[in-house]
Structures are given as C-alpha cells and as structure tokens.
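S.K.:
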Amino acid sequence: MTRLTIVLLALHAGPLLAQEPLHRRIDDAIASGFKGPFAKDADHAAFVRRVHLDLAGVIPTAAEVRQFLNDESSNKRAALIDRLLAGPDFPRRMQEAFHVMLEERREVKESPLADWEDFLLTSFASGKPFDQLAREILAADGKPAATNKFYVDRNGEPHLITRDVARLFLGRDVECSQCHDHPTVHDYKQADYFGLYAFVNRSFVAKQGKVTGLAEKVSPGQVDFESVFDTIKMKTGPRLPSGKEIVEPAYAKGEEYLEKPNPKEGKPGVPKFSSRAVLAQQLTSAKNSAFVRNSANRLWYLMMGQGVVHPLDQHHSDNVPAQPKLLDVLAEGLVELKFDVKAFLREIALSAAYQRSSMLPGKDEPPTGTFAVAELRPLSPEQLLYSVAQATGGLEAVVRKTATPAERAGAMRTKFGPSLKGFVTAFGNRPGEAEVAFQPSLAGALYLSNDRVILEWLEPKDGNLAARLAKLTDDAVAEEMYFSILSRPATTAERAETAAHLRTRGEQRTLALRELCWALLASTEFRLNH
Amino acid sequence: MGYECRSQDHRLSRRQLLGALAGAATGSLGLADEVRAQNKQVLFLWLDGGMSQLESWDPKPRTEFGGPFRAIPTTVPGIHISELMPHTARQMQHLAIVRGMCTRDENHSTGVPLIQRGDPRNRGVTYPYLGAAVSNFIAPANATLPPYIHIKPYGGGFQYGDGGFLGPRFGALALGDGQPPIHILRPETIAEDSDAARNRLRAEANRRFVEGRRGEEAAAYDYSFEMAQQLMRRRELFDLDRVPAAVRDRYGRHPLGRHLLLARRLLEAGITFVKVTSFHWDTHADNFHYHIDLMNQFERPFAALIQDLADRGMLDHTLVIAMSEFGRTPKINEKLGRDHWPAAWSLALAGCGIKKGVVYGRTSDKGSSVADGQVDIGHLFHTIFAALGIRNPRYRVRGQPLPAAHDDMAPIREVLL
Numbered sequence: 001m002t003r004l005t006i007v008l009l010a011l012h013a014g015p016l017l018a019q020e021p022l023h024r025r026i027d028d029a030i031a032s033g034f035k036g037p038f039a040k041d042a043d044h045a046a047f048v049r050r051v052h053l054d055l056a057g058v059i060p061t062a063a064e065v066r067q068f069l070n071d072e073s074s075n076k077r078a079a080l081i082d083r084l085l086a087g088p089d090f091p092r093r094m095q096e097a098f099h100v101m102l103e104e105r106r107e108v109k110e111s112p113l114a115d116w117e118d119f120l121l122t123s124f125a126s127g128k129p130f131d132q133l134a135r136e137i138l139a140a141d142g143k144p145a146a147t148n149k150f151y152v153d154r155n156g157e158p159h160l161i162t163r164d165v166a167r168l169f170l171g172r173d174v175e176c177s178q179c180h181d182h183p184t185v186h187d188y189k190q191a192d193y194f195g196l197y198a199f200v201n202r203s204f205v206a207k208q209g210k211v212t213g214l215a216e217k218v219s220p221g222q223v224d225f226e227s228v229f230d231t232i233k234m235k236t237g238p239r240l241p242s243g244k245e246i247v248e249p250a251y252a253k254g255e256e257y258l259e260k261p262n263p264k265e266g267k268p269g270v271p272k273f274s275s276r277a278v279l280a281q282q283l284t285s286a287k288n289s290a291f292v293r294n295s296a297n298r299l300w301y302l303m304m305g306q307g308v309v310h311p312l313d314q315h316h317s318d319n320v321p322a323q324p325k326l327l328d329v330l331a332e333g334l335v336e337l338k339f340d341v342k343a344f345l346r347e348i349a350l351s352a353a354y355q356r357s358s359m360l361p362g363k364d365e366p367p368t369g370t371f372a373v374a375e376l377r378p379l380s381p382e383q384l385l386y387s388v389a390q391a392t393g394g395l396e397a398v399v400r401k402t403a404t405p406a407e408r409a410g411a412m413r414t415k416f417g418p419s420l421k422g423f424v425t426a427f428g429n430r431p432g433e434a435e436v437a438f439q440p441s442l443a444g445a446l447y448l449s450n451d452r453v454i455l456e457w458l459e460p461k462d463g464n465l466a467a468r469l470a471k472l473t474d475d476a477v478a479e480e481m482y483f484s485i486l487s488r489p490a491t492t493a494e495r496a497e498t499a500a501h502l503r504t505r506g507e508q509r510t511l512a513l514r515e516l517c518w519a520l521l522a523s524t525e526f527r528l529n530h
Numbered sequence: 001m002g003y004e005c006r007s008q009d010h011r012l013s014r015r016q017l018l019g020a021l022a023g024a025a026t027g028s029l030g031l032a033d034e035v036r037a038q039n040k041q042v043l044f045l046w047l048d049g050g051m052s053q054l055e056s057w058d059p060k061p062r063t064e065f066g067g068p069f070r071a072i073p074t075t076v077p078g079i080h081i082s083e084l085m086p087h088t089a090r091q092m093q094h095l096a097i098v099r100g101m102c103t104r105d106e107n108h109s110t111g112v113p114l115i116q117r118g119d120p121r122n123r124g125v126t127y128p129y130l131g132a133a134v135s136n137f138i139a140p141a142n143a144t145l146p147p148y149i150h151i152k153p154y155g156g157g158f159q160y161g162d163g164g165f166l167g168p169r170f171g172a173l174a175l176g177d178g179q180p181p182i183h184i185l186r187p188e189t190i191a192e193d194s195d196a197a198r199n200r201l202r203a204e205a206n207r208r209f210v211e212g213r214r215g216e217e218a219a220a221y222d223y224s225f226e227m228a229q230q231l232m233r234r235r236e237l238f239d240l241d242r243v244p245a246a247v248r249d250r251y252g253r254h255p256l257g258r259h260l261l262l263a264r265r266l267l268e269a270g271i272t273f274v275k276v277t278s279f280h281w282d283t284h285a286d287n288f289h290y291h292i293d294l295m296n297q298f299e300r301p302f303a304a305l306i307q308d309l310a311d312r313g314m315l316d317h318t319l320v321i322a323m324s325e326f327g328r329t330p331k332i333n334e335k336l337g338r339d340h341w342p343a344a345w346s347l348a349l350a351g352c353g354i355k356k357g358v359v360y361g362r363t364s365d366k367g368s369s370v371a372d373g374q375v376d377i378g379h380l381f382h383t384i385f386a387a388l389g390i391r392n393p394r395y396r397v398r399g400q401p402l403p404a405a406h407d408d409m410a411p412i413r414e415v416l417l
C-alpha cells in the first residue's frame with residue numbers, strides 16, 4: 001500500500017515539481033530530510049545585513065537599513081535581492097569570494113593578482129556562467145594571461161595541480177591516492193588520481209618573452225604508476241575519475257607540433273593536441289556529476305557558511321550529508337539554470353533556509369548540516385574591512401561617484417588596498433589554505449585593538465560616524481550608532497548602557513564615543529554574518 | 001581548529017573551541033586534567049641543520065674520524081663531552097645524554113618536519129609538530145598566554161602548519177628575532193583605563209549577542225581579545241633591557257643568547273612550550289671552525305639556562321630538549337666538513353621526569369653506527385610524553401583514535417625518573 005502511494009504520488013507530482021521554482025524545491029528537500037524544529041524567519045534587520053554581506057560584500061549603510069525596515073511592501077526581500085544582484089558591488093564580491101575559493105589567496109609575482117582580479121570581475125560583471133569560467137581557468141589558453149593563474153600560481157607542479165583540480169573542481173581530496181588507493185575513502189582510487197594527473201603532467205610554466213605563461217609538451221604517452229603496497233605496474237592515459245580514458249591522436253615524429261619549439265626565440269612550442277583543453281571540456285560538462293555537485297555545493301556554502309557536503313572536498317559515499325536530497329536538487333537546479341551564478345544565488349537567497357534566523361529554535365542545537373538554523377559565519381577579511389569602513393562612515397565617499405563594477409572596485413582598491421593587506425594577514429588564512437571555519441586569532445584581536453588606521457577612522461572627520469554622533473544628545477547616540485555599526489535598532493538596554501557610559505565620561509565625550517563605537521566594531525555580532 | 005572537526009558527530013563544544021584557541025584540551029583522548037594542573041613546561045632548543053655529535057655530546061678523540069678536539073670530564077664521573085662545551089660540562093649533573101639516535105631521513109627539507117612530528121607510522125594524516133602536540137596535551141585550559149611560542153631568527157608571525165591535523169590554531173606564535181607580535185603596543189592615544197572600558201563594553205555586547213544562539217564562536221572570539229590583553233599587559237617580557245647586564249652577558253649578547261634568555265622569561269611567565277631555533281648548523285665545509293663558533297654560542301647560554309632553571313626550582317617541572325634533525329658524518333669530507341648523518345647521533349634532555357647525570361646508548365668506536373641502545377625519534381616522543389606525565393597519549397581524528405607517537409616504539413625507560 002505504502003509503495004503504491006509513493007508511486008502514484010511520484011507520477012502525479014513529477015511534472016508539477018519540475019515547474020516549482022528552485023528555492024521551493026530547496027525548502028522541500030530540507031523539510032523531507034529533517035523534521036524540525038526549525039529556527040524562525042530572521043527579522044528584517046538581520047536579513048538586510050546578511051544579504052548585503054553575501055551579495056555586495058559589505059554591510060548596508062544606516063540609511064539603507066532604515067529604508068528597508070520602513071518599506072511596507074510584502075515582496076521587499078525579493079526586491080532587495082534583485083537590486084543587490086544587479087548592483088555594482090556584486091561582481092567585486094564574487095571576485096573576492098572566487099579568489100578565495102579557487103586560488104585560496106595564492107599569489108606569485110609571475111601572475112599578477114590585479115590581472116586575475118580584473119579577469120574575475122569582468123567575468124562576473126558580464127554574467128559568465130560558472131562552467132565557462134571553470135573551463136577558461138582549466139584550459140588556461142592565456143587569453144587573457146590571467147587564465148593561466150591556476151597553473152602558474154602552482155608553478156606548473158603536476159601533483160599539486162592534480163590535487164587542487166580534484167579538490168576545488170571535483171570536491172575530492174585525492175592527495176592520499178597519489179601513492180595508493182585511499183585507505184579510508186573507498187571511492188578515491190589511485191588510478192583516478194593518475195588519470196587526472198595524465199591531463200596536466202605535460203603543462204609547464206615558461207617564460208615567453210617578457211611574460212610568464214603556460215606551455216605544453218607533446219604527449220609523453222601513458223603514465224606509469226604502482227601502489228606503495230604492492231608492485232603491480234599500471235598505466236593510464238588522461239581520464240576523468242569515473243570517465244573513459246581518452247585516446248590521443250597519433251602523430252608522426254616531427255608532426256606533433258602546431259608551432260615547433262624554438263628555444264632561441266624563447267618559444268616553447270604549441271602541440272597539435274592539448275590534453276589541458278580536453279580536460280577543460282570534459283571536466284566542466286553538465287554530464288560530469290562530480291563537477292556539477294561540487295559547484296552547487298560550493299555556491300551553497302558561499303551563501304550558507306556550511307556545505308551540504310562538508311568538508312567541501314569530501315564528496316564520497318562514506319561522507320553522507322545530513323540532507324541527502326538537497327544536493328540532488330541543487331545540482332539539478334544549477335544545470336537547469338545553465339550555471340548562471342547570479343540566478344542560482346538568487347534562488348538560494350529566496351529560500352526559507354537562507355532567510356532563517358540564527359537564534360536557536362529551542363534549547364538544543366539542530367544537527368549540523370540540516371540548515372534548520374542560520375550558521376554563524378565569519379566575515380571574510382574583505383567583508384570585514386569594507387564593513388568597518390562602511391560603519392565608521394568612510395566608504396560612502398569613496399564609492400559615491402562610481403557607477404560601474406570596475407570603477408567601484410578600482411576606487412576601493414586604491415583607497416583600501418594597503419589596509420586590506422593588513423586585514424588579510426590578521427584575519428585570513430595563509431595562501432594555499434582553505435578559508436572555511438571561523439578561526440579567531442591573537443593577531444586579529446591585536447589588530448583591531450591597536451591598529452592606527454582603524455583607530456583613526458573612529459575620530460570625528462568630514463561627517464563620518466564619530467562626527468555625526470558628536471552632534472547628537474546622549475539619548476540619541478545609541479540609535480544612530482547601532483544602525484550604523486550593527487545594522488539594527490538598539491534595544492532599550494543598549495540605549496541605557498550607551499547613555500550611562502556617556503554620562504560616566506562626562507566632558508570626555510569624544511573619548512566615550514570612541515570607546516562605544518570600538519566595542520561594537522570588535523563585538524562578535526559585528527565579526528560574524530549571523 | 002578543524003575543518004574536519006565540523007563533521008556531523010563532532011561539532012565543537014565551547015570548551016573545545018576555547019581549548020583550541022589556547023592550544024589546549026581538544027583532539028586528545030583520555031587527557032588527564034591533573035597533568036594540566038601541574039603546569040608542566042617544555043623548552044625545545046632546535047639546532048637547525050644538524051649539530052655534530054662528535055663535536056658535542058659524543059666525542060671520539062684520537063680516533064680516525066674524531067677531529068681535533070679533546071673530550072673533557074664533567075661534573076658526573078665517567079661522563080665526558082667535547083671540550084667545546086666547558087660550561088655545559090659543569091651542568092652535567094642535570095642532564096641526560098642519548099647517544100644512540102638512529103633515524104631515517106638525511107634531507108633537511110623532509111627531515112626537519114619528519115623529526116619534529118615524531119615520524120609516526122604513516123596514516124595519511126599530517127601529525128602536529130612537537131610544540132603543538134605537547135600544548136594540546138598539557139597546556140592549562142585556562143591559560144591566558146599563548147601556549148606555544150617559537151623564538152627564531154629572521155621573521156615572525158603565526159606558524160599555522162605546526163598544528164597538523166589538530167588545526168591551524170595549534171600553530172606556533174613565532175617571534176622573529178625575539179620581537180613581540182606587531183600591534184602588541186597600544187597606541188599612546190589610548191589610555192589603559194580607556195582600553196579596559198572599551199573591552200568591558202565589548203564583552204557586554206557579546207554577552208547579549210549569545211543569548212539564544214550558539215555560544216562557541218562568541219566565546220572563542222572573546223578569548224582572542226582576552227589573550228591579546230594578557231599579552232599586551234606582559235609586553236615587558238620581551239624587553240630584555242630590563243634584565244641586569246651581568247645576566248645578559250652570561251647568556252651572551254648574540255641572537256641565540258638573547259633568545260634563550262627570552263625563553264627563560266617566557267617559561268617563568270608560564271608559557272607551556274617554548275621553542276628556540278638556531279640556524280646554520282649545516283657544516284658541510286670547515287666543520288671544526290664553525291663548531292668552535294657555533295658551540296660557543298649554543299653551550300654558554302644553554303648552560304646558563306639549565307643553571308637558572310635549577311636555581312629557580314623550575315627544572316623539576318620544565319623539560320629541556322636540545323637536538324637537531326640528524327647528526328653529522330663521522331667521515332670528514334675533502335672540504336673539512338661533515339655531511340648529514342641520521343644513522344648515529346646524539347641529543348640531550350634535562351629536567352621534568354628525566355634522570356640526572358646519565359648517558360644512554362653507545363656508538364661504535366668510530367662513531368659510525370649505534371652499538372648499543374639504539375633508539376629512533378618515535379622512542380624520543382614516547383619519552384617526552386612519559387616525562388611530562390602524559391599517559392597513553394592519543395588523538396582522535398575524524399573519529400579515529402591515533403597514537404601520538406610511533407606504535408611500535410616505547411619510552412626510553414633508562415632516562416626516565
């Protein structure tokens with residue numbers, strides 16, 4: 001009886017479900033995997049801050065918060081999401097996020113960071129689908145030169161590239177299977193590792209005239225490997241995990257090159273057959289479910305602070321997600337939307353899951369990965385810097401006259417570049433390391449406490465926050481301060497505390513205001529996207 | 001802290017997050033709170049590049065490869081060390097020398113991490129460095145200063161990689177040339193009472209924020225500020241100008257002398273694990289002249305430190321380890337240098353849990369192999385854990401229990417109290 005019902009329901013529901021918008025399917029999948037309790041909907045103030053951080057990379061201004069709270073239209077959340085996605089900050093926010101996601105803040109002088117940032121910014125500003133972006137990064141045809149960055153940052157080292165292609169584009173940390181089948185993860189095979197390796201082992205970093213680029217040798221034939229546990233010799237040509245080994249075209253000796261190497265002129269040559277180009281095509285296909293699922297999971301993580309599969313590079317059958325259906329739905333949706341990042345993030349932002357509160361629904365915390373309560377996730381160093389600048393009133397003047405994403409990103413880079421270095425050092429991970437979990441550090445605390453630039457921003461100047469607050473009565477200070485820094489109204493207790501502190505300091509009003517503002521900037525509430 | 005620890009069944013508890021920040025209390029199984037309460041400490045002196053055992057702990061005068069230096073008697077009858085260590089010879093009653101080290105790796109690049117991670121059986125995970133491992137097991141949960149500090153020449157910063165699978169938080173706070181972290185100085189525009197006031201307001205804001213939410217993040221973030229405050233309050237620790245000139249002279253004004261003096265001050269301040277690195281021990285050429293110079297820089301402050309720790313009653317709870325990634329070849333090469341030699345080398349231990357005035361292990365007459373009492377780095381790690389009173393040291397990683405030192409090895413009982 002039960003089985004029959006399910007079959008009937010499935011028959012009936014199938015075509016209807018396909019028409020449901022993705023955000024509904026997301027919420028249905030979550031509801032089918034966890035029975036609750038779920039946290040309440042986040043209040044409007046929490047939502048406006050969260051969505052600004054996620055889609056614009058910075059907290060809203062006090063005026064933007066007030067305007068949103070006063071807006072009485074019923075679809076104001078969806079309207080705000082659309083406005084931010086169309087706004088000039090979105091491409092920069094994506095540029096920052098994808099630099100961290102795909103390059104993990106790697107930087108070498110042979111591949112300038114500014115070029116790569118421009119490439120990412122332009123890609124997102126033009127609405128380039130993610131599969132195409134991934135294809136360009138993996139094919140690395142040097143047009144523009146920044147497409148070479150993935151390989152050049154890793155100095156063309158084929159084992160490192162194999163590992164990172166698998167980790168970042170396929171969601172599999174296959175490092176262990178370089179020497180043998182993975183001891184605990186049964187899905188990760190040594191043959192898969194070397195199949196991937198065979199795609200990239202002929203690429204190398206070469207100086208071509210003045211620029212450092214990426215070159216490729218002609219096919220060295222199959223790769224030999226053997227496990228450290230036995231001595232059975234094996235071979236493989238280029239092959240995606242779970243894919244077919246590709247048959248490489250055979251060329252007569254001397255006929256392998258499109259352009260022959262000429263060391264005298266500094267030309268490394270161009271082979272007729274590029275395994276890198278094949279890798280880029282095959283790996284990023286919508287039929288490659290590992291790529292689709294990894295992409296969907298990483299984009300979900302970007303908005304939610306927790307992957308459906310987590311850690312993000314542990315997609316395998318022994319790491320069962322708490323919400324098994326959710327990733328299917330997301331992967332399907334990403335393909336339906338043709339890898340359109342903006343459209344996909346829009347659907348996530350519209351979901352009830354995204355809009356939930358971070359206040360626990362009861363005494364017990366819902367299990368991780370059920371998405372029953374909003375994660376508390378750290379602001380990235382970029383989000384933190386721009387938010388401190390926004391809160392203290394120094395950002396608006398910088399971006400006021402910028403209209404395009406490139407102008408805005410350029411103005412922010414010029415003004416805040418040196419500070420950003422300090423923030424990344426104090427709050428980011430070192431290059432080559434995933435920036436995933438919240439890791440408060442001594443360096444970060446010392447930086448916020450004693451850095452002169454931060455402290456200078458708290459001094460009254462040109463209508464900034466400190467100057468505005470200085471003109472207000474004791475009772476009005478809290479309201480403006482909380483809207484500006486924490487993006488919400490102050491509670492009664494907070495108004496009282498603020499007024500009391502101002503009274504205690506008496507004549508030393510500037511000092512009191514500096515202390516009050518700093519305390520909120522250094523608070524956990526400010527440090528987290530909640 | 002752990003990427004891997006955020007899995008479904010292993011969400012961080014508040015205690016763990018706090019502990020992780022302090023470099024304490026997480027990832028270990030069966031941790032004994034009484035060990036933490038005893039405030040045991042470690043000084044780890046790392047002589048990078050490979051100190052020659054023949055010019056230090058295991059001299060072979062008048063032999064084919066013995067080199068030009070004599071052996072001198074020490075305060076312990078029957079034990080002789082190189083004449084390049086006259087000050088250390090007067091502290092021998094505190095020391096235990098291990099002369100039978102036999103390890104596997106003769107390369108610096110792989111050997112240094114291999115040795116400092118204890119070369120456990122390969123399980124496809126990255127083990128923590130000794131400093132991270134020890135502070136994980138014994139740093140007091142309520143420590144207010146960073147548990148693992150690394151004093152080294154050149155640059156400083158935070159050395160995340162030392163944490164291995166325990167997570168980046170277990171890394172070392174590195175003080176480049178002994179200088180404190182940048183931003184430790186409060187700008188003169190902020191008075192102490194103002195700093196206290198703003199931090200009180202910050203703590204109040206945090207208290208309100210956690211009501212009804214997961215508290216771990218806030219607690220860990222709070223704690224990072226507390227630690228910053230503590231360190232700012234103790235910044236005089238880094239100011240060696242406050243130390244009497246005679247004391248500074250006794251340690252030597254050169255980098256290693258200053259760094260060992262700073263190490264003593266950090267130990268006095270309660271830091272759990274202080275690592276001091278000295279470079280340039282890789283004497284492939286002109287080994288003997290270099291060792292005259294290097295040994296002088298090492299052994300004078302080393303002896304001063306041992307004596308100071310003993311005089312202050314600190315040696316009973318402070319374990320001192322002085323070692324390299326390997327020793328040097330008995331055979332003298334054509335440039336009058338000695339090359340890398342992991343097959344037979346020496347190190348010294350002193351203090352907490354260690355027998356006083358003993359030698360364990362013996363090398364062959366020419367010093368090329370271990371004749372008796374051969375031990376590997378895994379034995380040493382077991383010995384260190386045992387000396388510190390850590391029984392059955394294990395970690396739990398991705399749900400799997402892992403031994404903290406090589407499964408097939410055991411403590412060197414002969415050097416343990």
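Protein chains in written order, with my numbering: chain A, 1 to 530; chain B, 1 to 417.
We put the CB at the ideal spot given by N, CA and C, even for glycine.
Starting from the beta carbon of G224(B), find every residue of chain A whose beta carbon is closer than 7 Å, and list them in chain order.
M.R.: Here the question's residue 224(B) lines up with position 224 in the second sequence. The identity of residue 224(B) in the sequence shown is Ser, whereas the question assumes Gly. P440, S441, L442, G444, A445, listed in chain order.
S.K.: With a threshold of 16 other CB atoms inside 10 Å of the CB of M85(B), please say whether the residue is buried or exposed.
M.R.: To locate residue 85(B), count along the second sequence from 1; it is residue 85. By the neighbour-count rule (16 or more Cβ atoms within 10 Å), M85(B) is buried.
S.K.: Can you give the Cα-Cα distance for Y360(B) and R328(B), rounded to whole angstroms?
M.R.: Mapped onto the second sequence, residue 360(B) falls at position 360. Mapped onto the second sequence, residue 328(B) falls at position 328. Answer to the nearest angstrom: the Cα atoms are 19 Å apart.
S.K.: Within 8 Å (strictly less), CB to CB, does R214(B) reach chain A?
M.R.: If you number the second sequence from 1, residue 214(B) lands on position 214. Closer than 8 Å: yes.
S.K.: Any heavy atom of the ligand NAD within a distance shorter than 7 Å of the CB on A250(A)?
M.R.: Within the structure as shown, the ligand NAD is missing, as the structure has no ligands at all.
S.K.: Might you give, ordered along the chain, the residues of its own chain that have their beta carbon closer than 6 Å to the beta carbon of P411(B), omitting 5 neighbours on each side?
M.R.: Position 411 of the second sequence, counted from the start, is the residue given in the question as residue 411(B). So the list reads H382, T383, A386, once near-sequence residues are dropped.
S.K.: When you compare the CB positions of S295(A) and F130(A), do they come within less than 8 Å of one another, or not?
M.R.: Counting from 1 along the first sequence, the entry for residue 295(A) is found at position 295. Counting from 1 along the first sequence, the entry for residue 130(A) is found at position 130. Yes; because the gap between Cβ atoms is below 8 Å, this pair is in contact.
S.K.: Could you tell me if S346(B) is buried or exposed, where buried requires 16 or more neighbouring beta carbons within 10 angstroms of its beta carbon?
M.R.: Stepping through the second sequence from its first residue, residue 346(B) is reached at position 346. Buried, because 16 or more other Cβ atoms sit within 10 Å of the Cβ of S346(B).
S.K.: Can you give the beta carbon distance from M481(A) to L520(A), rounded, assuming they're within the 8 Å contact cut?
M.R.: The residue you call residue 481(A) lines up with position 481 of the first sequence. The residue you call residue 520(A) lines up with position 520 of the first sequence. The pair is a contact, with the Cβ atoms about 7 Å apart (cut-off 8 Å).
S.K.: In or out: R25(A) buried (at least 16 other Cβ within 10 Å) or exposed?
M.R.: Translated into positions along the first sequence, residue 25(A) becomes position 25. That one is buried.
S.K.: For Q132(A) and A426(A), I'd like the C-alpha separation in whole angstroms.
M.R.: Locating residue 132(A) in the first sequence gives position 132, where the first residue counts as 1. Locating residue 426(A) in the first sequence gives position 426, where the first residue counts as 1. Near 34 Å, if we compare the C-alpha coordinates of A426(A) and Q132(A).
S.K.: Does R264(B) have its Cβ less than 8 Å from a Cβ in chain A?
M.R.: The count along the second sequence starts at 1 and reaches residue 264(B) at position 264. Chain A, which has no Cβ nearer than 8 Å to the Cβ of R264(B), makes this no.
S.K.: Could you give the distance in angstroms between the alpha-carbon of D286(B) and the alpha-carbon of E55(B)?
M.R.: Position 286 of the second sequence, counted from the first residue, corresponds to residue 286(B). Position 55 of the second sequence, counted from the first residue, corresponds to residue 55(B). Cα to Cα, D286(B) sits roughly 13 Å from E55(B).
S.K.: Go ahead and label A456(A) buried or exposed: buried means 16 or more other beta carbons lie within 10 angstroms of its beta carbon, across all protein chains shown.
M.R.: Translated into positions along the first sequence, residue 456(A) becomes position 456. Strictly speaking, residue 456(A) in this sequence is Glu, with Ala absent from that position. Exposed, by the Cβ-count rule.
S.K.: What first and last residue would you give for the alpha helix (DSSP H) that runs through I190(B)?
M.R.: Locating residue 190(B) in the second sequence gives position 190, where the first residue counts as 1. Where I190(B) is concerned, there is no enclosing alpha helix (DSSP H), given that its DSSP letter is neither H nor E.
S.K.: Report yes or no: is there a C-beta of chain A within less than 8 Å of the C-beta of P120(B)?
M.R.: Your numbering for residue 120(B) matches position 120 in the second sequence. Cβ-Cβ to chain A under 8 Å: no for P120(B).
S.K.: Identify the contact partners of W518(A) in chain B, using a Cβ-Cβ distance below 7 Å as the criterion.
M.R.: Reading the first sequence from its first residue, position 518 is the one you call residue 518(A). Residues of chain B passing the Cβ test: R198.
S.K.: Taking W46(B) as the reference, which of K275(B), M409(B), P113(B) has the closest Cα?
M.R.: Taking the first residue of the second sequence as 1, we reach residue 46(B) at position 46. Nearest C-alpha to W46(B): K275(B).
S.K.: Please state whether DSSP places F526(A) in a helix, a strand or coil.
M.R.: As a working note, residue 526(A) is residue 526 in the first sequence. The answer is helix: DSSP assigns F526(A) an H, G or I state.
S.K.: Would R527(A) and L379(A) qualify as a contact pair, given that the criterion is a beta-carbon distance under 8 Å?
M.R.: Against the first sequence, residue 527(A) aligns to sequence position 527. Against the first sequence, residue 379(A) aligns to sequence position 379. Cβ atoms of R527(A) and L379(A): closer than 8 Å.
S.K.: Is the CB of D451(A) under 8 Å away from at least one CB in chain B?
M.R.: Your numbering for residue 451(A) matches position 451 in the first sequence. Yes, its Cβ sits closer than 8 Å to a Cβ of chain B.
S.K.: Would you list the one or two residues that DSSP bridges to Y129(B)?
M.R.: Here residue 129(B) is taken as the residue at index 129 of the second sequence, counted from 1. DSSP lists no partner for Y129(B).
S.K.: How far does the alpha helix (DSSP H) with M295(B) in it reach, from first residue to last?
M.R.: As a first step, residue 295(B) must be located in the second sequence, where it is residue number 295. Counting along the chain, the alpha helix (DSSP H) containing M295(B) begins and ends at 287-311.
S.K.: DSSP state of E96(A), grouped into three classes?
M.R.: To locate residue 96(A), count along the first sequence from 1; it is residue 96. In this structure, E96(A) counts as helix in the three-state DSSP scheme.
S.K.: Can you list the residues of chain B that M359(A) reaches, using a CB-CB cut of under 8 Å?
M.R.: Within the first sequence, the letter at position 359 stands for residue 359(A). By Cβ distance, chain B contributes G212, R213.
S.K.: Anything in the segment 373-392 of chain A with a Cβ closer than 7 Å to a Cβ of chain B? List those residues in chain order, please.
M.R.: So the close ones are L376.
S.K.: Any contact of the segment 137-150 of chain A with the segment 111-119 of chain A, i.e. 3+ C-beta pairs under 8 Å?
M.R.: Touching, yes, given that three or more Cβ pairs across the two stretches are closer than 8 Å.
S.K.: Can you check whether the CB of F291(A) is closer than 8 Å to the CB of Q323(A)?
M.R.: Against the first sequence, residue 323(A) aligns to sequence position 323. Against the first sequence, residue 291(A) aligns to sequence position 291. Contact flag unset, no.
S.K.: Taking the DSSP output, what are the residues bridged to Q400(B)?
M.R.: Stepping through the second sequence from its first residue, residue 400(B) is reached at position 400. Q400(B) pairs with V397(B).
S.K.: In the DSSP assignment, the alpha helix (DSSP H) including E332(A) goes from what residue to what residue?
M.R.: Taking the first sequence and counting its residues from 1, the one referred to as residue 332(A) is at position 332. 324-336 is the span of the alpha helix (DSSP H), which, as asked, contains E332(A).
S.K.: With 8 Å as the limit, tell me which residues of the segment 496-528 of chain A have their beta carbon closer than that to any beta carbon of chain B; keep them in chain order.
M.R.: Correct list: E497, H501, L511, R514, E515, L516, W518, A519, L520, A522, S523, T524, E525, R527, L528.
S.K.: Can you give the Cα-Cα distance for G27(B) and E433(A), rounded to whole angstroms?
M.R.: Walking along the second sequence from the start, residue 27(B) turns up at place 27. Walking along the first sequence from the start, residue 433(A) turns up at place 433. Its pLDDT being 36, under 50, G27(B) is placed unreliably by the model, and nothing is read from it.
S.K.: Is any beta-carbon of chain B found at less than 8 Å from that of E157(A)?
M.R.: In the first sequence, residue 157(A) corresponds to position 157, counting from 1. Judged by the 8 Å Cβ criterion, E157(A) is not in contact with chain B.
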